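Asker:
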Amino acid sequence: QARALTPQTAETDAIRFLVGTQSLRYDNQIHIIDFDDENNIINKNVLLHQVGEIWHISTSPADKDVLATCYNKTSDCRVTTCAALWRMPKELESGPPEAPDDSASNAQSLELLCHLDNAAHGNMACVLWEPMGDGKKIISLADNHILMWDLQESSSRAVLSSSTALEGKGQLKFTSGRWSPHHNCTQIATANDTMVRGWDTRSMR
């Protein structure tokens with residue numbers, strides 16, 4: 001099964017989507033779905049995502065080969081949700097359209113670029129890319145924290161540049177967010193429980 005889907009934002013020549021799987025029995029995968037609108041054909045490539053179940057997936061607006069995933073990791077009988085940046089292979093090996101979803105016979109591996117260190121902030125909910133940017137700035141939502149990262153060295157290093165926390169009664173947790181492409185990309189919206197909030201990325205308020 002799958003709960004994570006995103007378009008390949010930086011790809012302008014093809015209609016392409018990335019789907020992340022959630023499986024406890026098999027290695028998890030990212031399925032790259034291409035739609036040929038002229039011939040009404042769907043083609044699929046499979047990449048292995050062996051670190052865990054994928055709960056969120058997003059792609060760089062500048063580099064079509066770079067993506068981020070939020071995934072479950074189990075250690076010492078404890079489940080945490082982590083986030084990492086990956087690079088897809090330049091040359092994808094297409095599998096037959098009728099191949100079963102759990103077939104990994106033609107699957108290639110993702111290249112790990114870096115992890116987003118969330119040890120002090122909690123479980124990652126999602127990773128947002130600056131919409132109109134050069135792919136060097138991202139925001140992650142972790143429990144009740146908003147974390148802004150600067151990506152360096154071709155996205156192989158993520159440096160935390162600013163952060164803020166959602167304060168209030170109870171255990172507040174972000175569930176999703178979006179980065180607005182308007183107003184010079186200085187605003188994001190977040191959802192938690194039944195609330196939607198707007199934030200200014202310059203002041204993180």
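If you're matching positions, the sequence shown starts at 1 in the UniProt record's numbering and goes up one per residue. All residues carry an ideal CB built from backbone N, CA and C; glycine is no exception. Just so you know, these numbers come straight off a predicted model, no measurement behind them.
Straight-line CA distance for N40 to L116?
Answerer: Taking the straight line from one Cα to the other gives about 39 Å.
Asker: My parser needs the beta strand (DSSP E) runs of 3 or more residues fully inside the stretch 142 to 193; what are they?
Answerer: You should have 145 to 152, 157 to 165, 176 to 179 and 187 to 192.
Asker: Among I42, E111 and T186, which has the Cα closest to the Cα of R205?
Answerer: Looking at the Cα atoms, T186 is the closest of the given residues.
Asker: Would you check if the distance between the CB atom of Y26 and the CB atom of V51 is smaller than 7 Å?
Answerer: Contact: no.
Asker: Could you pull the DSSP bridge partners for A84 from this structure?
Answerer: Looking at the DSSP assignment, A84 forms a beta bridge with T69 and H115.
Asker: Do A68 and V127 count as a contact pair if the criterion is CB distance below 7 Å?
Answerer: Yes, Cβ-Cβ distance for V127 and A68 is below 7 Å.
Asker: If you draw a straight line from the C-alpha of E167 to the C-alpha of M124, how long is it?
Answerer: Going by the C-alpha atoms only, they are around 17 Å apart.
Asker: Do you know offhand how far V159's Cα is from K137's?
Answerer: Distance between the alpha carbons of V159 and K137: 10 Å.
Asker: With the cut-off set at 7 Å, would you say G64 and E11 are in Cβ contact?
Answerer: In the sequence on display, residue 64 carries Lys and not Gly. Closer than 7 Å, so yes.
Asker: Below 7 Å CB to CB, which residues in the same chain sit around R3 once its five sequence neighbours on both sides are set aside?
Answerer: Around R3: Q22 and W55.
Asker: Starting from C126 and walking both ways along the beta strand (DSSP E), at which residues does that stretch end?
Answerer: Element bounds for C126: M124 to W129.
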